[in-house]
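Peer 1: The structure is given below, and queries will be raised subsequently.
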Amino acid sequence: MQEDGELILEGLLNIYWGLRRPIRLQMYDDNERFRLNRNDRSAGAKQLSEESNNNSLGTEPEPAGGDTCGPDEEDSPQLLRTRSDASFMRVQRRSRTHTARDLQRLRTHRFSINGHFYNHKTSVFTPAFGSVTNVRVNSSMTTGQVLNLLLHKFRVENKSEEFVLYLVHESGEKTRLREGEYPLVTRVLYGPCEKISKILITEADLGEEVTYDV
3 MQEDGELILE
13 GLLNIYWGLR
23 RPIRLQMYDD
33 NERFRLNRND
43 RSAGAKQLSE
53 ESNNNSLGTE
63 PEPAGGDTCG
73 PDEEDSPQLL
83 RTRSDASFMR
93 VQRRSRTHTA
103 RDLQRLRTHR
113 FSINGHFYNH
123 KTSVFTPAFG
133 SVTNVRVNSS
143 MTTGQVLNLL
153 LHKFRVENKS
163 EEFVLYLVHE
173 SGEKTRLREG
183 EYPLVTRVLY
193 GPCEKISKIL
203 ITEADLGEEV
213 TYDV
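Numbering (the numbering used here), first residue to last: 3 to 216.
Have a look at this one:
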C-alpha cells in the first residue's frame with residue numbers, strides 16, 4: 003500500500019520465543035474484571051474458559067531443517083507452556099499427595115484470557131523456547147513498536163525495554179535489531195525462507211547468550 007506517496011509493506015512477521023525467564027501476564031483483561039473472592043468464583047468461571055489441556059497451547063516449533071517459505075496465517079494469541087511454569091509445576095508436585103477433588107479445585111484457578119492459559123495466583127510462565135508466533139506489522143514500524151505490539155497481544159505486563167529482538171542467521175551469527183531499525187524490512191531483505199534467518203525475542207540482559215537452537 004501507499005501512504006503519502008510512500009510505499010509501505012504490510013504483513014505477518016514471525017517471531018521465535020527465546021526467553022529464559024518467566025513473563026508476567028495481566029491479571030485483568032481489557033473489558034473483563036476477575037472476581038476472585040469466594041462468592042464470585044462461580045460467576046467468573048462462566049465468563050472465562052477453564053484450562054482443559056495444560057500443554058496444548060501455542061505453535062510448535064518447525065521440525066529441524068523445516069522450511070517456512072509458504073504463506074503464513076496470523077496465529078491466535080496463545081503461548082505454549084514449558085514444564086518449568088510455576089502453575090504447571092504446582093499441580094505436578096501436588097498431584098502425588100492431593101485427592102482428585104483437591105486437584106479439581108486447583109484447576110479452577112487457571113483461566114484463559116485471549117487464548118492463553120495461566121494460574122491467576124501466579125500469572126507467570128515461560129513460552130517454550132523455539133516456539134513461534136507472529137504479529138501483523140508494516141515496514142514503518144520500529145523495533146520498539148513491534149515489541150510493544152507483541153507484548154500487548156499476549157497481555158504481558160513486563161516493559162518492552164526488558165526485551166530485544168535478534169536476527170539469527172543459519173550460520174549461527176546473530177545481529178541485534180536496534181531501536182531505529184525496521185524488523186519487517188530487515189526480514190524481507192533476507193528472503194522468505196526462515197532457514198536463512200529468523201527473528202528471535204530474548205531478554206535484554208541475556209541477549210549475548212542466544213544460541214541457534216530455535
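The beta-carbon is built from N, C-alpha and C at its ideal position, and this holds for glycine as well. What you are looking at is a predicted structure, and each value in this text was computed from that prediction instead of being measured.
Among residues of its own chain, excluding the 5 on either side of Met143, which ones have a beta-carbon nearer than 8 Å to its beta-carbon?
Peer 2: Leu151, Tyr184, Pro185, Leu186
Peer 1: Kindly indicate the opening and closing residues of the beta strand (DSSP E) around Gly13.
Peer 2: 12-19
Peer 1: Buried or exposed for Lys161, please, with buried defined as at least 16 other CB atoms from any protein chain shown within 10 angstroms of its CB.
Peer 2: exposed
Peer 1: What are the start and end residues of the beta strand (DSSP E) that includes Asn140?
Peer 2: Asn140 -> beta strand (DSSP E) spans 134-140.
Peer 1: Of the choices Leu14, Glu8, Trp19, whose alpha-carbon is the least far from that of Phe131?
Peer 2: With distances taken between Cα atoms, Phe131 lies closest to Trp19.
Peer 1: Should Leu21 be labelled buried (16 or more other beta-carbon atoms within 10 Å of its own) or exposed?
Peer 2: It is buried - the Cβ of Leu21 has at least 16 other Cβ atoms within 10 Å.
Peer 1: Just curious, the alpha helix (DSSP H) that Leu202 is in, first and last residue?
Peer 2: That residue, Leu202, is in no alpha helix (DSSP H); its beta strand (DSSP E) goes 199-205.
Peer 1: Go to Val148, then tell me how far its alpha helix (DSSP H) extends in each direction, as first and last residue.
Peer 2: 145-155
Peer 1: Identify, in the order they occur along the chain, each residue of the same chain with its Cβ nearer than 8 Å to the Cβ of Ile198, setting aside the five sequence neighbours on each side.
Peer 2: Closer than 8 Å at Cβ, skipping near neighbours: His171, Glu172, Tyr192.
Peer 1: Would you mind giving the Cβ-Cβ distance between Ile17 and Val137, rounded to the nearest angstrom? I have them listed as a contact below 8 Å.
Peer 2: 7 Å
Peer 1: Nearest to Tyr168 by alpha carbon, out of Gln28, Val158, Leu208, Leu14?
Peer 2: It is Leu208 whose Cα lies nearest to the Cα of Tyr168.
Peer 1: Counting along the chain, where does the beta strand (DSSP E) carrying Thr177 start and finish?
Peer 2: According to the DSSP assignment, Thr177 belongs to the beta strand (DSSP E) that extends over 176-178.
Peer 1: How long is the line joining the alpha carbons of Val166 and Gly7, rounded to whole angstroms?
Peer 2: The straight-line gap from Cα to Cα measures roughly 32 Å.
Peer 1: Please tell me whether Leu15 and Arg157 are closer than 7 Å, where the distance is taken between their beta carbons.
Peer 2: no
Peer 1: Under a three-way DSSP split, which group does Arg26 fall into?
Peer 2: strand
Peer 1: Do Val139 and Val126 have their CB atoms nearer than 7 Å?
Peer 2: no
Peer 1: Classify Leu179: buried if its beta carbon has 16 or more other beta carbons within 10 angstroms, exposed otherwise.
Peer 2: With 16 or more other Cβ atoms within 10 Å, it is buried.
Peer 1: Using the DSSP secondary-structure output, state which residues sit across from Tyr184 in a beta bridge.
Peer 2: Its beta-bridge partners do not exist; DSSP assigns none.
Peer 1: Find the nearest neighbour of Pro129 within the set Gly13, Leu11, Glu205, judged by alpha-carbon distance.
Peer 2: Per the C-alpha coordinates, the member of Gly13, Leu11, Glu205 positioned closest to Pro129 is Glu205.
Peer 1: Just to confirm before moving on: does the CB-CB distance between Leu11 and Ser133 stay below 7 Å?
Peer 2: no
Peer 1: For a quick check, are the C-beta atoms of Glu196 and Gly146 less than 7 Å apart?
Peer 2: no
Peer 1: Identify every residue that forms a DSSP beta bridge with Leu169.
Peer 2: Thr177, Ile201
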